Amino acid sequence: MNKRLSLLGITFILTLMTSMYSYAAPQAPADLKGALCLVRADDKVVLIDELITKQLSLPGGTITSGETPAEAAQRETWEETGLVVSVGQLLGYAGKAAVFDCVSDSDIITYQYINQWGGFELPVWYAPHYGIEVARAMLIQPQRVDTGNYRYPEEWPEIEKMFASATEQSINSVPDLIKAAPAISQYELGWISALQYSIAELSAPVSQFISRLILLGGAFASPAFGLLLFPLLYWQSGKAFCFKAFFSVAVTSLICLIAQQGFVLPRPYAYLPSLQLVESSGYGFPSLPIAVWVSLGILWLLDNEKLGWNKSSAALGVSALCLAFSLFYSGRAFMVDMIVGAMLGALVAWHIVRLNEKPNINVDKLLSSRRVWLGLTAVSAAVAFWWQMPVFGAWLVILALLTLIVMTVMPKMEEISLRQALLMSVVLLAGHYLVNYAATFVSSSGMLSLVIDLLRQPLLIGLFCLMVRTIKLRPAVKVA
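For the sequence shown, the positions run -24 to -1, 1 to 456 when mature numbering (1 follows the signal peptide of the UniProt record, and there is no 0) is used.
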């Protein structure tokens, strides 16, 4: 009798323990779509700063066909952080993604520099998705993460619980990786560091004034400046010049971006994070802002018959130097990047100048023709297919829209006055910031964030064309 009671007791206890374990075990969502790696090192967690959503997240992504969740987590972690990891136990689920305990196969290298989130930067410029999906990666204490900066704020408390069960591993903290830079760039890193240090050593008011004045030169490369400038160019030079300028900017940008993917040479702050004074990401050789500014400037001089040694050429040179010095000082570009970028921009403009000198070719008519824009759009489509990156997708959408405008709207586009141009600049600038604000509402969705990124510039171009078509010049007042 006692044996039977004991057997019944043991059976009851085992049944209770099994039911408790079943209740505590993580339940997989019905529509599991993603896999994440939780990498714990030095009592901190590895997070990435996403370029598309502008939010923090664990490394990971979508599970592709024929791939297990663990394989997806391992692959995505390598692509986004450059870390080769071994995937351990399943820690749980965050939304529609499985979260795994991942351990790096080697010590995790971190910079001693602490970024604006309070995390220690990781060198990730060699990661396949650096500059495409990821701006940076960092090691940060979970309690220092603002849930508002995490892509899925409601999931962060659960991530913190999983962190307690993750495997701890060691790190190798270094002040910089200057030795990893090309030989000539190592000298430039020392110059940038010395320049920033010499200005920081001045009294606080003087140091801040000089620093802000130098950084102001970088405004020539900002989207806001382009939105302010373009309507003024349309007013001053007309629609034929604007299409010529668009053509030059598109060709220069595509060549630069392709070259950047080929050379994969990072910006100065990638080797020494403390040098970064202005937000930027991706590769820097050749320098895209310098290339575009030089190309656009030469075309403007050509259109206004001011090519040569004169005040206008001097003003262009000074503006290019201000932009270059700002990029150098802020750690966004090496001198070599900018020299090659300037040569590339000048080369694109030189080909247009040569066409302009041929008496049997009307450059304005040629670069406003359907055939040219259809061809450029086809080239952009091939590039976007080969390099499946958001920036190439954005250029494809822009060029497709410009082709449509050339085929339909351009003949009906009106001239505008200076007052109307200034009004358009303000409207376009407001539209730019409105789109940025709208993007914050969909930051948890990678797809919607990508759609907004792809449509940002086309929407503003369409808005400009709509304003040009609807705004008429006021008739001149005749004086008796």
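Virtual Cβ for every residue (Gly too), placed ideally from N, Cα, C. Model, not experiment: these values are computed from the prediction.
Alpha carbon of residue 241 to alpha carbon of residue 367, nearest angstrom: 18 angstroms
Rounded straight-line distance, which links the Cα of residue 345 to that of residue 437: 18 angstroms
Residue 384 versus residue 416 - alpha carbon distance: 34 angstroms
Euclidean distance between Cα positions of residue 309 and residue 261: 8 angstroms
Beta bridge counterpart(s) of residue 69 as assigned by DSSP: 74
Per-residue DSSP class, three states only, for residue 137: helix
Exposure label - residue 26; buried when at least 16 CB within 10 Å: buried
Nonlocal neighbours in the same chain, by C-beta distance under 6 angstroms from residue 18, ignoring five residues either side: 147
Length of the line joining the Cα atoms of residue 40 and residue 364: 16 angstroms
Residue 352 to residue 190 span [Cα, whole Å]: 36 angstroms
Beta carbon of residue 422 nearer than 9 angstroms to that of residue 28: yes
Supposed contact pair residue 128 and residue 420 - C-beta distance, whole angstroms, cut 8 angstroms: 6 angstroms
Span of the alpha helix (DSSP H) around residue 340: 339 to 342
Enclosing beta strand (DSSP E) for residue 196 [first to last residue]: Run containing residue 196: none; DSSP gives neither H nor E here.
Inter-residue spacing [alpha-carbon to alpha-carbon] between residue 292 and residue 197: 14 angstroms
Per-residue DSSP class, three states only, for residue 109: coil
Any 3 or more C-beta pairs closer than 8 angstroms across the stretch 306 to 321 and the stretch 225 to 239: yes
Of the listed residues 201, 142, 171, 123, nearest to residue 409 (C-alpha basis): 201
Close-in-space but distant-in-sequence residues of the same chain around residue 79 (CB under 8 angstroms, 5 per side omitted): 15, 61, 62, 64, 143, 145
Three-way DSSP call (helix, strand, coil) for residue 438 in this model: helix
Opening and closing residue of the alpha helix (DSSP H) in which residue 22 lies: Looking at the DSSP string, residue 22 is not in any alpha helix (DSSP H); the run it does join, the beta strand (DSSP E), is 20 to 26.
Those residues which DSSP pairs with residue 116 across a bridge: 21
C-alpha distance - residue 208 paired with residue 369, whole-angstrom precision: 28 angstroms
Span separating the alpha-carbon of residue 380 from that of residue 440: 14 angstroms
Pair within 9 angstroms by beta-carbon distance, residue 21 and residue 135: yes
Pairwise C-alpha distance: residue 58 and residue 81: 11 angstroms
Cutoff 7 angstroms; reference residue 171; Cβ partners in own chain excluding five residues on either side: 305
Environment of residue 296 [buried if 16+ CB atoms lie within 10 Å]: buried
Meets three-Cβ-pair contact criterion under 8 angstroms: the stretch 278 to 288 and the stretch 112 to 132: no
Identified DSSP bridge partners for residue 217: Its beta-bridge partners do not exist; DSSP assigns none.
Local Cβ density within 10 Å of residue 193, reported as buried at 16 or more and exposed below that: buried
Selected residue, minimal CA-CA separation from residue 257, among 407, 105, 54, 66: 105
Where residue 280 falls: helix, strand or coil (DSSP): coil
Proximity of residue 317 and residue 254 at Cβ, strictly below 9 angstroms: no
Cα-Cα separation, residue 112 to residue 394: 43 angstroms
Contacts around residue 430, its chain only, beta-carbon distance under 8 angstroms, and the 5 residues preceding and following it disregarded: 366, 369, 370, 373
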